[in-house]
Amino acid sequence: INVGYATAILTDFTAQMLWRRHVTFSPDTDLPSAIRLCEELICAALLASKAHELKPLGIGLAVPGLVDTTRGVLVYAPNLHWRSVSFRDLWGPKFGVPVYIENDGNAAALGEYYFGVAKGYHDFIFLGTGVGMSGGLMLNNQLYRGIGGFAGEVGHIIVESGGDLCSCGRRGCWETLVGTPAVVRSVIDALNAGAPSRIPELVGHNTSLITMEVVVDAANRGDQLALDTLSGIALHLGSGIANLINIFNPALIVLGGELTQAGRYLLPPIGKIIAAEALADVSRMVALAVSSQTTDACVRGAAALVIDGIVQEPVF
């Protein structure tokens, strides 16, 4: 589940994807309505499992925000404006299967670890952007969750004191500089200031239709405003990543979410910034990669939660 959309998949015990459905809804959708939409998706997945003659073994859920994995509760999701949602208590009895819930950044890290570009890596960091910014830390083959289970909230590192207001209520969070809204806002500000660009033409002169996909499309056409905007995002990403590299000494940084669309424009400048700002002996050890799964890393990681839960707690 994320801001404005939900994706459901059905996998077998080997994590082979057998069915997938993606639905969108208004970002302003209230919690009860969003829950109903998600329950309809779950029902559709259960019907698909019958068609494949599979017994449902569990529901894995990935959501943006602070998650108590032990109790199965979404504690707080600032971008969704949800608090204290006990998905395990809500859906466990309703659907008759175990419910596993995880932060979206951690779930995406699991998806990359088992099925994506991080397969074979013991220590890596996943970074994904959309409306916000998620992070997942895989250290020594284990997700690092911290004492309360809330580690990895890299999007809320303060990088610009007194900067733009974040959905969490503070100012200057990293995601206010590198999330998709920051990209769109930067483009609109430049257009309002008179910068020449083909972007208005691409959206029928309706700036409310500007998205990351539109900006990348314009960059592919050689649009200078789009290229400059992505260069600015790369600068903010690179500086933050350099700090993470100095702290955690990972072997790999994976860029995912909507960042994957702009990978060809982001990786080279990010690499240069890391070389300049991270400790030389540390930066030489790290590789950069773009997710090969786009948004499916997260949902496949959610499926892995169920498989891991069953393996660790045998049902037979």
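Take the position in the sequence shown, starting the count at 1, then add 45; the result is the number in this note's numbering. The beta carbon of each residue, even a glycine, is placed where N, CA and C say it ideally should be. Remember, predicted model here, so these are calculated numbers, not experimental data.
Helix, strand or coil for Trp219, going by three-state DSSP, please let me know. Three-state result, Trp219: coil.
Using C-beta distances below 7 Å, list every residue in its chain close to Phe58, excluding the 5 sequence neighbours before and after it, in chain order. Excluding residues within five positions, the ones whose Cβ falls inside 7 Å are Ile352.
Could you tell me which uninterrupted alpha helix (DSSP H) segments, each at least 4 residues in length, are contained entirely in the region 58-129, listed from first to last along the chain? The qualifying runs are 76-96.
As assigned by DSSP and simplified to three states, the class of Ser206: In the three-state scheme derived from DSSP, where H, G and I count as helix and E and B as strand, Ser206 is classed as coil.
With DSSP as the reference, identify every bridge partner of Met183, one or two as the case may be. According to DSSP, Met183 bridges with Phe169, Leu188.
For Ala152 versus Ala163, is the C-beta spacing smaller than 9 Å? No, the Cβ-Cβ distance between Ala152 and Ala163 is not below 9 Å.
If we ignore side chains and look at the alpha-carbon of each, how far apart do Leu63 and Gln187 end up? So the two alpha carbons sit approximately 27 Å from each other.
Classification of Asp341 by the beta-carbon crowding that lies within 10 angstroms, buried from 16 upward: With at least 16 other beta carbons inside 10 angstroms of its own, Asp341 counts as buried.
Going by C-alpha to C-alpha distance, which of Gly156, Gly173, Leu172 sits closest to Gly165? That would be Gly156, whose Cα lies nearest to the Cα of Gly165.
Can you have a look at Cys218 and say buried or exposed, based on whether 16 or more other CB atoms are within 10 angstroms of its CB? The residue is buried, with at least 16 neighbouring Cβ atoms inside 10 Å.
If we call anything under 9 Å between Cβ atoms a contact, is Arg128 one with Arg116? Contact flag unset, no.
Sort out for me which residues DSSP pairs Tyr145 with in a bridge. For Tyr145, the beta-bridge partners assigned by DSSP are Gly105.
So, helix, strand or coil for Asn251, using DSSP? Shown here, Asn251 sits in coil according to DSSP, grouped into three states, outside any helix or strand.
Could you name each continuous alpha helix (DSSP H) segment of 4 residues or more that falls completely within the region 325-358, going from the start of the chain to the end? Qualifying alpha helix (DSSP H) stretches, in chain order: 325-328, 341-357.
Is Ser336 buried or exposed, if buried means 16 or more other CB atoms sit within 10 Å of its CB? By the neighbour-count rule (16 or more Cβ atoms within 10 Å), Ser336 is buried.
Considering Cα atoms alone, identify which of Arg243, Asp113, Gly267, Pro77 is closest to Asn148. That would be Asp113, whose Cα lies nearest to the Cα of Asn148.
For the alpha helix (DSSP H) that Ala277 lies in, which residues bound it at each end? Per the sequence shown, the amino acid found at residue 277 is Gly instead of Ala. Residues 269-293.
Check the DSSP bridge columns for Ala51 and list the partner residues they point to. According to DSSP, which records beta bridges pairwise, Ala51 is partnered with Val68.
If we call anything under 9 Å between Cβ atoms a contact, is Ala287 one with Glu246? No, they are not a contact pair.
Nearer than 8 Å: is that true of the beta carbon of Val344 relative to any heavy atom of the ligand NAP? Ligands in the displayed structure: none, and consequently the ligand NAP is not present.
Express the C-alpha separation of Ala307 and Phe169 in angstroms, rounding to a whole number. Their backbone Cα atoms lie some 21 Å apart in a straight line.
Taking CB distances under 9 Å as the criterion, tell me whether Ala348 reaches chain D. No chain D appears in this structure, which consists of one protein chain only.
What's the C-alpha gap between Val68 and Gly283? So the two alpha carbons sit approximately 33 Å from each other.
Thinking C-beta only, is Leu333 closer than 9 Å to Gly316? Between Gly316 and Leu333, the C-beta gap is smaller than 9 Å, which places the two residues in contact.
From Asp73 to Leu324, what distance separates their C-alpha atoms? Their Cα atoms are separated by approximately 43 Å.
Sub-9 Å separation of Thr174 and Gly110 beta-carbons: Cβ atoms of Thr174 and Gly110: not closer than 9 Å.
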